[in-house]
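Q: Residue numbers (our numbering): -9 to 349.
So that we are looking at the same thing, I have put the structure below in structure tokens.
Shown next, in the form of structure tokens:
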């Protein structure tokens, strides 16, 4: 809610049936916002903070307050507003990087400043709220946690205003993967991350970019031949987390022009051809590379067709001996075919609605 009485009362009315609820109120505190947006003096802003937080506290003991554009607020005034908000009843202090302007070192110092300079900061939980205009929302959020913040405001897939907010999945998996440097715990079931990401994408209509960290289609896909070879030997060579840990079934080796012979052999075995000779593998792999030069990705069906074609030629399993077709405007459309199947001649004939149908 804005620091407006009517807004805060609307929040109270909307949540009146909840067993426990929070009211989050905010007010701009940067010189730029106070002058051009609010058109109010610092003294007037302090009065609004006191009145709005006190009002919210009348309705619930769970009040959160944010200094909008906090990272562009002068340090002394930021500390003064935070101290007043806590004194007025706020139990969570959220520091927004509203326009995604700050960098991790700055954000760390901003959060640390509150712990060093605000005398009653121990009475509140400090929260981060970072936007991604410079692509630093996740890094800033993690810096805030290292400085002492214990709540992170983030979103699935990083959706949000303009360039978005800090991505929940990236923050959670960064903490889990680098617990050696960030020994913090969340209650997130990481195996639900992938399905939640897809749900949000479907509901909002915002697709997830293919190379998006953690939840992108390519996050656990490997196309480079060197990477694929390493993955076949030990998945940890090119994966710092398992796909299963975020709800993805398994890693995938994307077959394309950069794929190597070992990856091709492994893919052939996966498709049901585990015992191909080296000669067959070499022949089929050469054809695969030719095909991969013509199309970005070679699909499983393409590889199966290449292998089956080579198997038939190599084993002489099936060969066409003769084909005779009778077609015209009058009379039946007929086809006679003679095949050599494992050294045995098989003949058959049929009629159809046209020569192709007859064949």
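Just so you know, even glycine gets a beta-carbon here, dropped at the ideal spot from N, CA and C.
Tell me the residue span of the alpha helix (DSSP H) that contains residue 221.
A: Residue mapping note: residue 221 aligns to position 231 of the chain shown, counting from 1. Looking at the DSSP string, the run of the alpha helix (DSSP H) that includes residue 221 is 215 to 223.
Q: Could you tell me the alpha carbon to alpha carbon distance between residue 143 and residue 221, rounded to whole angstroms?
A: Here residue 143 corresponds to residue number 153 of the chain shown, with the count starting at 1. Here residue 221 corresponds to residue number 231 of the chain shown, with the count starting at 1. If you take the alpha carbons of residue 143 and residue 221, they lie about 35 Å apart.
Q: Can you round the beta-carbon distance between residue 362 and residue 108 to whole angstroms, since I take them to be within the 8 Å contact cut?
A: Residue 362 lies beyond the residue range present for the chain, which begins at -9 and ends at 349; the question has no answer from this structure.
Q: Which residues share a DSSP beta bridge with residue 157?
A: Locating residue 157 in the chain shown gives position 167, counting from the first residue. Per DSSP, 145.
Q: For a quick check, are the C-beta atoms of residue 56 and residue 14 less than 9 Å apart?
A: By 1-based counting over the chain shown, the position of residue 56 is 66. By 1-based counting over the chain shown, the position of residue 14 is 24. Going by C-beta atoms, residue 56 is nearer than 9 Å to residue 14.
Q: Which same chain residues, not among the five before or five after residue 31, have their C-beta less than 8 Å away from its C-beta?
A: The sequence position of residue 31 within the chain shown is 41, counting from 1. Excluding residues within five positions, the ones whose Cβ falls inside 8 Å are 24.
Q: Can you look up residue 84 in the DSSP assignment and give me helix, strand or coil?
A: As a working note, residue 84 is residue 94 in the chain shown. Looking at residue 84 - three-state DSSP - the assignment turns out to be strand.
Q: From the DSSP output, which residues share a beta bridge with residue 330?
A: Locating residue 330 in the chain shown gives position 340, counting from the first residue. In the DSSP output, where bridge partners are listed per residue, residue 330 has 309, 335.
Q: Just to confirm, are residue 334 and residue 324 a CB contact at a threshold of 9 Å?
A: In the chain shown, counting from the first residue as 1, residue 334 sits at position 344. In the chain shown, counting from the first residue as 1, residue 324 sits at position 334. It is not a contact, given that the beta carbons lie outside the stated cut-off.
Q: Quick one: what's got a C-beta closer than 6 Å to residue 190's C-beta in the same chain, skipping five residues either side?
A: Taking the chain shown and counting its residues from 1, one reaches residue 190 at position 200. Cβ within range, chain order: 146, 147.
Q: Decide if residue 199 is buried, meaning its Cβ has at least 16 other Cβ atoms within 10 Å, or exposed.
A: What you label residue 199 is simply residue 209 of the chain shown in a count that begins at 1. Exposed: under 16 other Cβ atoms inside 10 Å.
Q: At the level of alpha carbons, what is the spacing between residue -7 and residue 79?
A: Start at 1 with the first residue of the chain shown, and residue -7 comes out as number 3. Start at 1 with the first residue of the chain shown, and residue 79 comes out as number 89. Distance between the alpha carbons of residue -7 and residue 79 is about 14 Å.
Q: Exposed or buried, which one is residue 194 when buried takes at least 16 other CB atoms within 10 Å?
A: Sequence index remark: in the chain shown, residue 194 carries index 204 (1-based). Note on residue 194: under 16 other CB atoms within 10 angstroms of its CB, so exposed under the neighbour-count rule.
Q: Taking the beta carbon of residue 302 as the centre, do at least 16 other beta carbons fall within 10 Å, making it buried, or is it exposed?
A: What you label residue 302 is simply residue 312 of the chain shown in a count that begins at 1. Result: exposed.
Q: Which residue's Cα is closest to the Cα of residue 250: 261, 238, 279?
A: By 1-based counting over the chain shown, the position of residue 250 is 260. Of 261, 238, 279, the residue nearest in Cα terms is 279.
Q: Alpha carbon to alpha carbon, what distance is there between residue 236 and residue 84?
A: Residue numbering aside, residue 84 sits at position 94 when the chain shown is read from its first letter. Residue numbering aside, residue 236 sits at position 246 when the chain shown is read from its first letter. Approximately 28 Å between the Cα atoms of the pair.
Q: Got a sec? Which residues, its chain only, sit under 8 Å from residue 172 by beta carbon, not counting five neighbours each side?
A: In the chain shown, counting from the first residue as 1, residue 172 sits at position 182. Hits under 8 Å: 132, 135, 136, 164, 165.
Q: Give, in chain order, every unbroken run of the alpha helix (DSSP H) that is at least 4 residues long and sits entirely within the stretch 233 to 304.
A: 251 to 260, 268 to 284
Q: Return the residue from the list 263, 246, 265, 256 that minimises the CA-CA distance to residue 277.
A: As a position in the chain shown, residue 277 is number 287, starting the count at 1. Considering only alpha carbons, the answer is 246.
Q: Could you tell me the alpha carbon to alpha carbon distance between residue 36 and residue 126, rounded to whole angstroms?
A: As a working note, residue 36 is residue 46 in the chain shown. As a working note, residue 126 is residue 136 in the chain shown. Answer to the nearest angstrom: the Cα atoms are 30 Å apart.
Q: Just to confirm before moving on: does the CB-CB distance between residue 76 and residue 29 stay below 9 Å?
A: On the chain shown, position 86 is the one that residue 76 refers to. On the chain shown, position 39 is the one that residue 29 refers to. No, they are not a contact pair.
Q: Determine the closest residue to residue 60 out of 90, 180, 256, 40, with distance taken between C-alpha atoms.
A: Locating residue 60 in the chain shown gives position 70, where the first residue counts as 1. With distances taken between Cα atoms, residue 60 lies closest to 90.
Q: Which same chain residues, not among the five before or five after residue 238, have their C-beta less than 8 Å away from its C-beta?
A: For the purposes of this step, residue 238 is identified with residue 248 of the chain shown, where counting begins at 1. Within the same chain, Cβ atoms closer than 8 Å to the Cβ of residue 238 are found at 184, 209, 210, the five residues on either side in sequence being excluded.
Q: Report the residue from 152, 329, 233 whose alpha carbon sits nearest the alpha carbon of residue 204.
A: The count along the chain shown starts at 1 and reaches residue 204 at position 214. Here the closest residue by C-alpha is 233.
Q: Please go through the same chain and pick out, in chain order, the residues whose beta-carbon is closer than 6 Å to the beta-carbon of residue 141, but skip the five residues on each side of it.
A: Translated into positions along the chain shown, residue 141 becomes position 151. Contacts found: 115, 117.
Q: Look at residue 104 and residue 93 and say whether their C-beta atoms are less than 9 Å apart.
A: The residue labelled residue 104 in the question sits at position 114 within the chain shown. The residue labelled residue 93 in the question sits at position 103 within the chain shown. The answer is no: Cβ separation not under 9 Å.
Q: List, from N- to C-terminal side, the alpha helix (DSSP H) runs of 4 residues or more that fit wholly inside the stretch 164 to 231.
A: 183 to 194, 215 to 223
Q: Which residues in the same chain have their Cβ closer than 7 Å to the Cβ of residue 49, if we skip the five residues on either side of it in sequence?
A: If you number the chain shown from 1, residue 49 lands on position 59. Once the five neighbours on either side are set aside, the close Cβ partners of residue 49 are 2, 13.
Q: Might you give, ordered along the chain, the residues of its own chain that have their beta carbon closer than 8 Å to the beta carbon of residue 98, omitting 5 neighbours on each side?
A: Position 108 of the chain shown, counting from 1, holds the residue named residue 98. If we look at residue 98 and ignore the five residues flanking it on each side, its Cβ neighbours are 133, 134, 136, 137.
Q: Kindly indicate the opening and closing residues of the alpha helix (DSSP H) around residue 359.
A: Residue 359 lies beyond the range of the chain shown here (-9 to 349); nothing can be said about it.
Q: Residue 243 and residue 253 - do their beta-carbons sit closer together than 9 Å?
A: Looking up residue 253 in the chain shown gives position 263. Looking up residue 243 in the chain shown gives position 253. Taking 9 Å as the Cβ cut-off, residue 253 and residue 243 qualify as a contacting pair.
Q: State buried or exposed for residue 212, treating a residue as buried only when at least 16 other CB atoms are found within 10 Å of its CB.
A: If you number the chain shown from 1, residue 212 lands on position 222. With a 10 Å radius around the Cβ and a threshold of 16 neighbouring Cβ atoms, residue 212 comes out buried.
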